[in-house]
Amino acid sequence: MSQTVKIDFVSDVACPWCAVGLASLEKAIANIGSDVKVDLHFHPFELNPHMPVGGQDVAEHLHGKYGYSPEQLEKNQVRIFASGAAVGFAFHPKGRKRVYNTFNAHRLLQWAGTISDDADAQHRLKKELLATYFTLAVSLDEHKNLLDAVERARLDPERAKQILATDEFAEQVRTAENFYATAGISAVPAVIFNDKYLVEGAQSVERFEGALKHYAKGE
Numbered sequence: 001m002s003q004t005v006k007i008d009f010v011s012d013v014a015c016p017w018c019a020v021g022l023a024s025l026e027k028a029i030a031n032i033g034s035d036v037k038v039d040l041h042f043h044p045f046e047l048n049p050h051m052p053v054g055g056q057d058v059a060e061h062l063h064g065k066y067g068y069s070p071e072q073l074e075k076n077q078v079r080i081f082a083s084g085a086a087v088g089f090a091f092h093p094k095g096r097k098r099v100y101n102t103f104n105a106h107r108l109l110q111w112a113g114t115i116s117d118d119a120d121a122q123h124r125l126k127k128e129l130l131a132t133y134f135t136l137a138v139s140l141d142e143h144k145n146l147l148d149a150v151e152r153a154r155l156d157p158e159r160a161k162q163i164l165a166t167d168e169f170a171e172q173v174r175t176a177e178n179f180y181a182t183a184g185i186s187a188v189p190a191v192i193f194n195d196k197y198l199v200e201g202a203q204s205v206e207r208f209e210g211a212l213k214h215y216a217k218g219e
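Going by full-length UniProt numbering, the first residue of the sequence shown is number 1, and it counts up by one from there.
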């Protein structure tokens, strides 16, 4: 009988290593196959919660936040692109141009996680939102782009439009963010297995496979 492993994936839609980490985890799950069942949930983390509408130029942002020089930015982008390609995630060849506020994206993900008759809804939407920002390299500010992601995820765009027009799910997002911040999560991706074991960062497929097998045994 296959064992079930609960996975809580804490991440931000604007985090490139979260995109790589999710793709790596997905490969690990696929490689293990039916030996381990996975109960996967996504939770919000905002890298830039105070980012205004319109966002900020990515080079300007990363220089201001981390002190990156143009050479460091280019080197980092090459590394990210290569890591993504290794696990099947495609970044836009010219990279992202701006950093955006992701709160609305997280509200939609919170909604998707409540759709009881579609267990994979949140996962599909997460993938499409990551693709919106990193593969298509379009704005996360524009509701049209968020709604396009909802449609590609085969979810209800009219319901999503209602959510975006209000502050629905805002409280739930903030509550979840506060919970994980209080638990000590300060960087993403953060992957929690069976409510107890934390694996930080975009790990290799092999590392995630090992974790899945290990925690499936209840260890």
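C-beta: ideal position from N, C-alpha, C; glycine also. Here the structure is a predicted model, which means the values were calculated and not measured.
| Item | Value |
| --- | --- |
| Proximal residues to L147 (C-beta, below 7 angstroms), its chain only, five neighbours per side dropped | P157, A160 and K161 |
| Sheet register partners of K37 (DSSP bridge) | T4 |
| Nearest-angstrom Cα separation, counted from N48 out to R96 | 16 angstroms |
| Exposed unless 16 or more other CB atoms sit within 10 angstroms - verdict on Y66 | exposed |
| For A176, the nearest candidate out of N194, M51 and Q110 (CA to CA) | Q110 |
| Span separating the alpha-carbon of V13 from that of S34 | 29 angstroms |
| In DSSP terms, what R98 is bridged to | D57 |
| Any alpha helix (DSSP H) of 4 or more consecutive residues that is wholly inside the region 99 to 149 | 103 to 112 and 121 to 130 |
| N-terminal and C-terminal residue of the alpha helix (DSSP H) that V78 is part of | P70 to A86 |
| Nearest neighbour of F89, chosen from G210, A202, E209 and L198 [CA to CA] | A202 |
| E151 - DSSP class collapsed to helix/strand/coil | helix |
| Residues that residue 239 bridges to, as DSSP identifies them | The question about residue 239 has no answer here: the residues shown for the chain are numbered 1 through 219. |
| Beta-bridge partners of I192, as assigned by DSSP | D8 and L198 |
| Proximity below 7 angstroms, CB of V36 to CB of L212 | yes |
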